[in-house]
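Notes follow the structure.
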Amino acid sequence: MAKIDIDMLKSELGQLKAEFTQRIDSLENKISALSNSSTSSAPSSDPLVDDNSLIASASLNAAHTNETLITGPDGTLITNTVMASSVTESFAIQESSKDSEKNEPSAKVQSSASTSEVPAAWLSRPTLDATTRSNSKNSAAEKPVKIDFFTMIFTALLSAIVSTLFEWFKPVANIYQSYKDRGMLGIFTLTILGIGLTLAGFGYLMQLLIDQMGAGAKSLLMFVAALLVMTLGIVVKRKTSFHEFSTAIVSLGLLLLYSTVYFAGSVYHVIPYMLVAVLYLFIALSSHAIALWLDTKVVAALGIIGISLMPMLSNIIVEQPNYYLLSLAFVTISSLMISYRYVGRWLANISLIFVFLSLEWVVNIDSSNLSAFFIDAFYLIFFAYVGLSLINRDDTHKQSLLFLAGLVGTNLYLFIQTTSLFSDSLSLIFTFNCLVSIGASYVFYKIRHTLTHIMVLVAAIWGVFAIISVIGQAYWGIAWAVEGLFLLYIGRHLALPSVINQGQSLTGLSLLYAGAILVPYFPVPALTSIDGWTLCLSLVLIIGIWSRFINDSDLFNQPTIQKIKPLLMLVESIWLSVLILTCAHLWLGIWTAPLVILLQFTLLLRAKSCKQTSIEIFSALLVLVPLFYILQVGIATNNYHFSGFPLAIQSAVVLVLTQLWLLAEYYRRYQPDSKMVPIAEGARIAFYLIIPICWLGSALRNLDQYVLMILWLPPMIAVFFAQKIKHNFIVLEAKVLIGLASVALVLGLSTLPILASAISLVLFISCYVLALQLNKRKASALYQYVCNCGLLAIGLAVPVWLASIHNDALFALIFAAFYWGALFNLSNIWTLGKEIKTAVYLISGVTLLASWLLITKNPFYASIAVIYIAAALYKKEQRFKLSIMNVRLGKNSELILHVIGAVTYLILLESLNHYRLDLLIAPVLAVHGALILFLKDRRLTTVKFSFGLITLGIVKLALIDAEYALLWQKVILFMGIGVFILGASFWYQKLEKTD
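In UniProt numbering, the protein residues as written are 1 to 995.
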């Protein structure tokens, strides 16, 4: 960084010297001009020489000594030499200040013509350039700034970019500023709009001209445009280094050529379909030639893509399918040659994809247009490419093998779509492919290729399909399976792992094909014919023999031992179970449902012997079979009641429910280390969850509204299980059932007759009391929850019941007031009351609101508030002081009771207005406020509240009573309240003085 600072200072010094030199030269020229003009003029009569003559003469003398004169602030002359020495000294001062990291102020020098130093004030003379003044002033006074190299580079680049942009837009800015200076900015805007509209009009004109052209002219124009674009791309490729850009331009030209042929042939119908197909072929092959010439990979892909997709758009497949397929074959061969020799495997992959899409498109249009020989021709083309790639390339063969697998699969898929699998032509094709694969296998064998067994496998596949096509459809799977098992046996006997893998592959294919053949005929008529039973038993034998051939020797790899063998065991168990259940269904009907449990335990024993968790899972899933029978019978009879089911289905229901518990017991006793233990335990928990509620449906149907009399039973059963099992789900179910039963009690008690409702209430209360006693014996969160639900349910259900009996809410609210008032009083000292404290406060508030609303109907509802106030004042210091209101409001909590009382008597007196008791509102408010003043707690808030009540009474008296009361009533009210207030205030002042 020190070197960078030194270079920057040197650069600044050179710039400063150049600016001084330029300025001095300019001053010399001006002085010379002035001296010449003074010489030609008449001499002055004044003997004294003025400043201008002095400057002129001094400049003439300095002309011989190469000195330039600069005037100081007092007119003193400064020579160039002195200036240079001053500048040199100033930079010496700057460098010394940099070394000592201190800024030394320069000393002032007296003005003198002979002085060798220049004063700083002279250097700041306006005759100097502004930049020069700034540099000379700051160089000795400012500390040098340390600049980061990357920051400097970034700043320079940004400055260059910004300056370039300003240079580009400078003409526009000049035009804009010119119009603005002349006050014609609106004209400038209109000018820009005019230019834009003109260009838009020109574009529309071009569109109109093109529309007026004929189809041939349009096609010719598009063709010329495409050729020009391609020529431009080729020129850019050959003359410049923008290869990607040129490739994009050439690709655009080829796409334009494809579009030209499409519009000329399919849209405008200028050329016939046959010529369209030829042109597509020519363009595709041209793209390959251009790709080789310009050495571009992307352009090579446009051949196979264009010849595949464009004829689809042009409908050539319908008009000329054979020409299309031949063109596709030629381009495919060309693409594979380019892929093999130049661009790599990716082009072959693209070719296979688009050839498959093209052939699939032909099949969907009309499968008769695509012969199996055409499909096989494409297969042989790609197979030749794969063979050559495997032989002549030394890189990894993984991609080639995947390509070969995809090729065989797509070829078979197309064969199945176009031709019957058992036709003579397809048999011939399979045989020919088998012979070709055998020939390829022989070539691979002769050159000792490592993938010879792959070619043997391909030959075996085609041989098997040839056999399939020749022999009958029903028995081909047996022959195929025998061949696969034979290879498996030979490979195991001769220790040939590759042959073992081929045998397993063939055997697996036999199973899949046999299953595909058997499925449409299963279970009937497959299980009612000899052929069907032969195939079913053959599958069992194949799976069993195959799984028992696999052992732990080194001939079998780990995936075979760890994956294939367990899968075969599972498939064997599944297939045998399917056969047994199907036969049982055919022979026993719905009695199959309860007998499934025997098959389940047989499978569990099989799983234990072979240690396969998958078989255990399958055994557990068989529970769906009886459920299916239950659902089927329910749908058939439109009856889902247990009592309406047949005996077999009832047995199935019981066994399904029972095996949830039996499954867990089995694993606990016989397989405690199985992976299915958590699932079995989950089934056991499900059993305990179902038992409390499984009979509710029948009870509801038979008892209707009287079901409330036994609704206490499900919660109690759930609570019993929860206490015994202690599982979270069971505890949660118990809580939910308790809550629902309590809600049902509140909502349904009033719908029952008196006797039934009384019995239901007694039974529920008995359950709650039992839970309370059990909780006292052994505290439990669940018992406490039952007690809390009971407290809430009783407090809500009994008032509703009383209201329904008397058709009046008075007794219900009085009971509620006593009940909830007692809980309000006990909620701070009783454990159960503390847990429902919030609910108690809310329900108490609702009860008070209800009583206030009903006071207008019956004045006795005012007793509700009195009961609550009495409950709050009972043992106030020990209970009310611990309430939430006291915690929240502190010393102002008692004012809430005053508010309740005030609202109550206000509503009560207003409801008795027919007795003119509403006139007592004002005096009662005044008395109430005065009584609050005489309390021991004479805080500011209490005093404000009391004066508020008194003021409210006075306002009521002045605004309402003064207008509607009689004269005598006014006298009594005004005088009585006035005297009372005076007395109260006098007494309050006396109390304050005493305190």
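Built from N, CA and C at the ideal position, the CB exists for glycine as well.
Give the C-beta separation of residue i and residue j to the nearest angstrom, bearing in mind that I take them to be a contact with Cβ-Cβ under 8 Å.
i	j	result
I649	Y666	Contact doesn't hold; Cβ gap of about 24 Å is too wide.
S287	L254	5 Å
G491	G503	6 Å
residue 1014	S327	Nothing about residue 1014 can be reported from this structure: the residues present for the chain run from 1 to 995 only.
Q399	V363	In fact, because the Cβ distance is near 27 Å, the residues do not count as touching under 8 Å.
V343	K297	5 Å
V625	V596	5 Å
G306	I283	6 Å
P859	L912	7 Å
residue 998	Y768	The chain is shown from 1 up to 995; residue 998 falls before or after that span and cannot be answered.
L949	A902	7 Å
Taking a contact to mean a Cβ-Cβ separation below 9 Å, would you say residue i touches residue j in this structure?
i	j	result
A797	L848	no
V719	I691	no
A922	I867	no
S389	Y442	no
A699	P715	no
F382	L336	yes
Y258	N315	no
K741	F721	The question names Lys, but residue 741 in the sequence shown is Ala. Not closer than 9 Å, so no.
I730	L770	no
I754	M709	no
L401	I454	yes
I290	S351	no
V540	E572	yes
G484	L451	no
G790	L772	yes
L487	A460	yes
Looking only at its own chain, which residues have a Cβ that is under 8 Å from the Cβ of residue i, when we skip the five neighbours before and after it?
i	result
E835	Q784 and N788
V840	W820, L823, F824, S827 and G833
S750	S757, V800, W801, A803 and S804
S651	A593 and P594
Q705	G748, T751 and L752
H806	A812
L576	V540
For residue i, is the classification buried or exposed, using 16 other Cβ atoms within 10 angstroms of its Cβ as the cut-off for buried?
i	result
P321	buried
T332	buried
L931	exposed
V846	exposed
K956	buried
C583	exposed
I546	Reading the sequence as shown, one finds Trp at residue 546 and not Ile. Burial call: buried.
S334	buried
D552	exposed
Y670	exposed
Y445	exposed
T247	buried
P311	buried
Skipping 5 residues on each side, what residues in its chain have a beta carbon closer than 6 Å to that of residue i?
i	result
Y861	S851, L854 and I855
L407	F382
L325	F374
L895	F945
S26	none
residue 1012	Here the chain has residues from 1 to 995 only, and residue 1012 is not among them.
G953	A922, L925 and A926
R345	Q399
Within the same chain, show all residues whose beta-carbon is closer than 7 Å to that of residue i, passing over the 5 residues directly before and after it, in chain order.
i	result
S249	Checking the sequence shown, residue 249 turns out to be Ile, not Ser. These residues qualify, in order along the chain: V229, L232, G233 and V236.
H585	T592
R684	L660, W661 and A664
A680	L663, A664 and Y667
W533	L527
G387	A440
Any beta carbon of chain D sitting closer than 9 Å to that of residue i?
i	result
L586	Here chain D cannot be found, since the structure has a single protein chain.
Between the stretch 612-629 and the stretch 670-678, do three or more beta carbon pairs fall short of 8 Å? The stretch 612-629 makes contact with the stretch 670-678, as at least three CB pairs between them are under 8 Å.
With a threshold of 8 Å, are at least 3 pairs of Cβ atoms found where one atom belongs to the stretch 636-649 and the other to the stretch 598-616? Between the stretch 636-649 and the stretch 598-616, the count of Cβ pairs shorter than 8 Å is below three; the stretches do not touch.
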